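> Quick one: structure below, then a few questions.
Protein chains: 2
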Amino acid sequence: MKTQDDGVLHLEIAEYLIKQIRQGVFSENQKIPSENDLCRQFQVNRHVVRQAIARMTNLGWVTPVQGRGCYVNQLVEPIQYVLSSQTRFSENMESQGLPYTAKLLSWEEGIAGDEERANLELAEGARVYRLEIMRSTDDNPLSVTSTVLPKEEFPDLETHLTNFSSLYRIFIEQYRFRPIRKKSIVQACLPLLKDAKLLDIPESVPIVQIESLMNHPGGAPIEYSVARIRGDRHKYMIEF
Amino acid sequence: MKTQDDGVLHLEIAEYLIKQIRQGVFSENQKIPSENDLCRQFQVNRHVVRQAIARMTNLGWVTPVQGRGCYVNQLVEPIQYVLSSQTRFSENMESQGLPYTAKLLSWEEGIAGDEERANLELAEGARVYRLEIMRSTDDNPLSVTSTVLPKEEFPDLETHLTNFSSLYRIFIEQYRFRPIRKKSIVQACLPLLKDAKLLDIPESVPIVQIESLMNHPGGAPIEYSVARIRGDRHKYMIEF
DNA sequence: AAGTGGTCTAGACCACGTC
DNA sequence: ACGTGGTCTAGACCACTTC
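Chains as they are written, first to last, in the UniProt record's numbering: chain A, 1 to 240; chain B, 1 to 240.
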């Protein structure tokens, strides 16, 4: 350590520890030494060690747990999510044999705002449903999605939201159509605090944000959604 | 400020300052107060102010400059990049009327590794070219791309790399084909230090990583590339 | 020379988990 | 009671920009 300089101390320490994890010195689901131990080991202030750990956390190598220690993450091959015209979350997970759940966090009905009207091609004063849905596998939160649906197209949606299990299923079973993905806009960003808490990640871990517009097979836009997804555990594959 | 608690100080300060920027209290390309001023204003330690500024930086609101101050970023509508079977960087920028440049950072020739062989469907011992290309608009770095090309398909590539201006142009003008995007894998992550320096962003600003496989019109894979792109200034639109 | 952001040290108190 | 990570204070020195 500290063989040569120019670099920043905390980043050097982070890289050193990551190399150790790679080499198996610290193995998966085990703890790395405590912050105080690392301070002694590298002869630096605790603040520096904490910056190093923050960097490793953001890169997805470890997750610190208050009162317990700093655990090495499982090196999971990121879940692949295929984006094509007709795929939805539930189908993707099923095709990979992953058990998943979708939970309706909240919903409301209201008058469409300007952006919602533009996206869904609605008239002024049109009403929409707004849903917040969280998706998880094995109790690991994957994504939080805000979905906007034109009320006109979904009569009595309220009655189908009890015992919610999958939005897709409601489309198919209750309204008898299969939405078609029209376009998606993908972006990397940091989560809002609210989303970070829901996804159970620090607010400095990047997320993928996918803004989607789905069409009715007939052609009209029927669903506008913004999904915020853990960046480290997921890959989005686009096939042509 | 500090009307109610439970929140974390530095995050509260960050949100407060962001609100001020939104409201125009601090306008684009102007400076926010210095760290020391903010310390006095909020009656907190400089460390806390720095954490708040770090948060704002990561979210893309400001960029601190050593010795000068902390500037409010221009609220640019992110550049949209359309991913479809046949689009490439140069075409995207041209279609949006943006002046751009592509610079060849380095290149080398070598024996294909396992992953490269798998992606490009090459035999053991096959040789490849590896290029590092940086793309910018108006001196703002946009992306760094590592590209792997099978040597067999690109005879005398070296001679075409002098006065490099666009990989796409070389494909078209020298080898007379137009590659077709086969698949792309999109991910949000943090940049390596090397890439962060090239892209001129802090190492904690998220980037979009797009791993692409391009095919020869005849069907054979012809280009494998991994692009690392500034997350805040870009949107990737996928159309169907 | 003075002011700015970048990094590091030293030490405190708290919330949480384990014993 | 003790160890862990989470947050904050106080103060130092440096590199860089501006005057």
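Note that CB positions come from ideal geometry on N, CA and C, so glycine has one too. Every value quoted in this text rests on a predicted model; they were computed, and no experiment measured them.
1. Would you mind working out which of B:Pro202, B:Lys151 and B:Tyr100 sits nearest B:Ala126, comparing C-alpha positions?
2. Could you list which residues in chain B have their beta carbon closer than 9 Å to that of A:Lys194, in chain order?
3. Going by DSSP, what residue range makes up the beta strand (DSSP E) through A:Glu15?
4. For the beta strand (DSSP E) that A:Val205 lies in, which residues bound it at each end?
5. So, does the stretch 140-149 of chain B touch the stretch 193-210 of chain B, judging by three or more C-beta pairs under 8 Å?
6. Rounded C-beta distance between B:Asn29 and B:Tyr71? I'm assuming under 8 Å.
7. For A:Ser225, decide whether its Cβ has a neighbour in chain B, counting only Cβ atoms nearer than 8 Å.
8. Of the choices B:Ile18, B:Ser184, B:Arg230 and B:Leu11, whose alpha-carbon is the least far from that of B:Pro191?
9. What in chain A is Cβ-close to B:Tyr168, meaning under 7 Å?
10. Rounded to whole angstroms, what is the Cα-Cα separation between A:Thr63 and A:Asn73?
11. Measure the Cβ-Cβ separation of A:Val226 and A:Glu203 and say whether it is below 8 Å.
12. Against chain B, does A:Lys235 count as a neighbour if the rule is that its beta carbon must be under 8 Å from one of theirs?
13. Can you tell me which of A:Ala52, A:Ala118, A:Glu153 and A:Leu104 puts its alpha carbon nearest to the alpha carbon of A:Leu17?
14. So the candidates are A:Gln209, A:Arg135, A:Leu149 and A:Asn163; which of them puts its Cα closest to the Cα of A:Asn215?
15. Can you name the residues of chain A whose CB is closer than 8 Å to the CB of B:Trp189?
16. In the DSSP assignment, what residue or residues form a beta bridge with A:Ala145?
17. Closer than 7 Å by beta-carbon distance: list the chain B residues that pair up with A:Lys151, in chain order.
18. In terms of residues, what are the limits of the beta strand (DSSP E) holding A:Gln187?
19. Quick one: what's B:Pro150 bridged to in DSSP?
20. Under 7 Å Cβ to Cβ from B:Thr3, same chain only, skipping five residues before and after it: list those, please.
21. Is the CB of B:Lys197 under 8 Å away from at least one CB in chain A?
22. Indicate whether B:Lys19 and A:Gln187 have their beta-carbon atoms separated by less than 8 Å.
23. B:Asn36 by DSSP, collapsed to three states: which one?
24. Cα separation between A:Phe164 and A:Asp156?
25. Could you pull the start and end residues of the alpha helix (DSSP H) that B:Val48 belongs to?
26. Using a Cβ-Cβ cut-off of 8 Å, state whether B:Ser146 counts as contacting chain A.
27. Check the C-beta distance from B:Ile238 over to A:Ser184 and give it rounded, since I have them as a contact under 8 Å.
28. I'd like to know if B:Ser106 contacts chain A, where contact means its C-beta is closer than 8 Å to some C-beta of that chain.
29. So, at 7 Å on beta carbons, what are the nonlocal neighbours of B:Gly60 in its own chain, with the 5 sequence-adjacent residues on each side left out?
30. Can you name the residues of chain B whose CB is closer than 7 Å to the CB of A:Leu83?
31. Start and end of the beta strand (DSSP E) containing B:Ala102?
32. What number of angstroms, rounded off, separates the C-alpha of B:Gly69 from the C-alpha of B:Cys39?
33. For B:Gln192, which three-state DSSP category applies?
34. Would B:Leu11 pass as an interface residue toward chain A - the criterion being a Cβ-Cβ separation below 8 Å?
35. Which partner residues of B:Leu83 appear in the DSSP bridge assignment?
36. Based on Cα-Cα distance, which residue from B:Ile222, B:Thr137, B:Ser34 and B:Thr162 lies nearest to B:Pro179?
The answer reads as follows:
1. The count along the second sequence starts at 1 and reaches residue 126 of chain B at position 126. Of the candidates B:Pro202, B:Lys151 and B:Tyr100, the one whose C-alpha sits nearest the C-alpha of B:Ala126 is B:Lys151.
2. Locating residue 194 of chain A in the first sequence gives position 194, where the first residue counts as 1. Those within 9 Å of A:Lys194 in chain B number zero; the least Cβ separation is about 12 Å.
3. Looking up residue 15 of chain A in the first sequence gives position 15. Counting along the chain, A:Glu15 falls outside any beta strand (DSSP E), though it belongs to the alpha helix (DSSP H) covering Leu9 to Arg22.
4. By 1-based counting over the first sequence, the position of residue 205 of chain A is 205. Careful: A:Val205 lies outside any beta strand (DSSP E) and carries neither H nor E.
5. yes
6. As a position in the second sequence, residue 29 of chain B is number 29, starting the count at 1. As a position in the second sequence, residue 71 of chain B is number 71, starting the count at 1. Right, the Cβ-Cβ distance comes to about 6 Å (below 8 Å), so this counts as a contact.
7. Translated into positions along the first sequence, residue 225 of chain A becomes position 225. Answer no: the Cβ-Cβ gap between A:Ser225 and chain B never drops below 8 Å.
8. What you label residue 191 of chain B is simply residue 191 of the second sequence in a count that begins at 1. The shortest C-alpha separation from B:Pro191 is found at B:Arg230.
9. Numbered from its first residue, the second sequence carries residue 168 of chain B at position 168. Here the premise fails: no neighbours, minimum Cβ distance about 17 Å.
10. Residue mapping note: residue 63 of chain A aligns to position 63 of the first sequence, counting from 1. Residue mapping note: residue 73 of chain A aligns to position 73 of the first sequence, counting from 1. Using only the alpha carbons, I get a separation of about 7 Å.
11. Counting from one through the first sequence, the residue named residue 226 of chain A turns up at place 226. Counting from one through the first sequence, the residue named residue 203 of chain A turns up at place 203. Cβ distance not < 8 Å, so A:Val226 and A:Glu203 don't count as in contact.
12. Residue 235 of chain A sits at position 235 when you count from the first residue of the first sequence. Yes, A:Lys235 lies at the interface with chain B (some Cβ there is under 8 Å from its Cβ).
13. Sequence index remark: in the first sequence, residue 17 of chain A carries index 17 (1-based). Considering only alpha carbons, the answer is A:Ala52.
14. The count along the first sequence starts at 1 and reaches residue 215 of chain A at position 215. When only C-alpha atoms are compared, the closest one is A:Leu149.
15. On the second sequence, residue 189 of chain B is found 189 positions in, with the first residue counted as 1. Reading off the sequence shown, one finds Cys at residue 189 of chain B, where the question assumed Trp. In chain order: Leu59, Gly60, Ala188, Pro206, Gly231 and Asp232.
16. Against the first sequence, residue 145 of chain A aligns to sequence position 145. According to the sequence displayed, residue 145 of chain A carries Thr and not Ala. Its beta-bridge partners are A:Ile133 and A:Ala227.
17. Numbered from 1 along the first sequence, position 151 holds the residue referred to as residue 151 of chain A. Going along chain B, no residue has its Cβ under 7 Å from A:Lys151, so there is no contact; the nearest lies around 26 Å.
18. Translated into the one-based positions of the first sequence, residue 187 of chain A becomes position 187. It spans Ile180 to Cys189 - the beta strand (DSSP E) in which A:Gln187 sits, taken as one unbroken run.
19. If you number the second sequence from 1, residue 150 of chain B lands on position 150. DSSP lists B:Val128 as partners of B:Pro150.
20. Locating residue 3 of chain B in the second sequence gives position 3, counting from the first residue. Reliability fails at B:Thr3, whose pLDDT of 30 lies under 50, so the model's placement of it is uncertain and the value that follows must be treated cautiously. Within the same chain, B:Thr3 has no close Cβ partners at all.
21. Taking the first residue of the second sequence as position 1, residue 197 of chain B is located at position 197. B:Lys197 does not count as touching chain A.
22. Working through the second sequence from its first residue, we reach residue 19 of chain B at position 19. Working through the first sequence from its first residue, we reach residue 187 of chain A at position 187. Not closer than 8 Å, so no.
23. As a first step, residue 36 of chain B is located in the second sequence; it is residue number 36 there, counting from the start. Three-state DSSP puts B:Asn36 in a helix.
24. On the first sequence, residue 164 of chain A is found 164 positions in, with the first residue counted as 1. On the first sequence, residue 156 of chain A is found 156 positions in, with the first residue counted as 1. Cα to Cα, the separation comes out at about 14 Å.
25. Numbered from 1 along the second sequence, position 48 holds the residue referred to as residue 48 of chain B. Arg46 to Asn58 is the span of the alpha helix (DSSP H), which, as asked, contains B:Val48.
26. Counting from one through the second sequence, the residue named residue 146 of chain B turns up at place 146. Not one chain A Cβ lies under 8 Å of B:Ser146.
27. What you label residue 238 of chain B is simply residue 238 of the second sequence in a count that begins at 1. What you label residue 184 of chain A is simply residue 184 of the first sequence in a count that begins at 1. That pair is a contact at about 5 Å.
28. Along the second sequence, read from residue 1 onward, the residue named residue 106 of chain B stands at position 106. No, B:Ser106 does not count as interfacial toward chain A.
29. Here residue 60 of chain B is taken as the residue at index 60 of the second sequence, counted from 1. Same-chain partners within the cutoff: Asn73 and Asp232.
30. In the first sequence, the residue the question calls residue 83 of chain A occupies position 83. Result: Ile238.
31. Residue numbering aside, residue 102 of chain B sits at position 102 when the second sequence is read from its first letter. Counting along the chain, the beta strand (DSSP E) containing B:Ala102 begins and ends at Thr101 to Ile111.
32. As a position in the second sequence, residue 69 of chain B is number 69, starting the count at 1. As a position in the second sequence, residue 39 of chain B is number 39, starting the count at 1. Near 14 Å, if we compare the C-alpha coordinates of B:Cys39 and B:Gly69.
33. Translated into positions along the second sequence, residue 192 of chain B becomes position 192. Looking at the sequence itself, residue 192 of chain B is Leu, so the reference to Gln does not match. Coil, per DSSP.
34. Locating residue 11 of chain B in the second sequence gives position 11, counting from the first residue. Judged by the 8 Å Cβ criterion, B:Leu11 is in contact with chain A.
35. Against the second sequence, residue 83 of chain B aligns to sequence position 83. B:Ile238, per the DSSP bridge assignment.
36. Residue numbering aside, residue 179 of chain B sits at position 179 when the second sequence is read from its first letter. It is B:Ile222.
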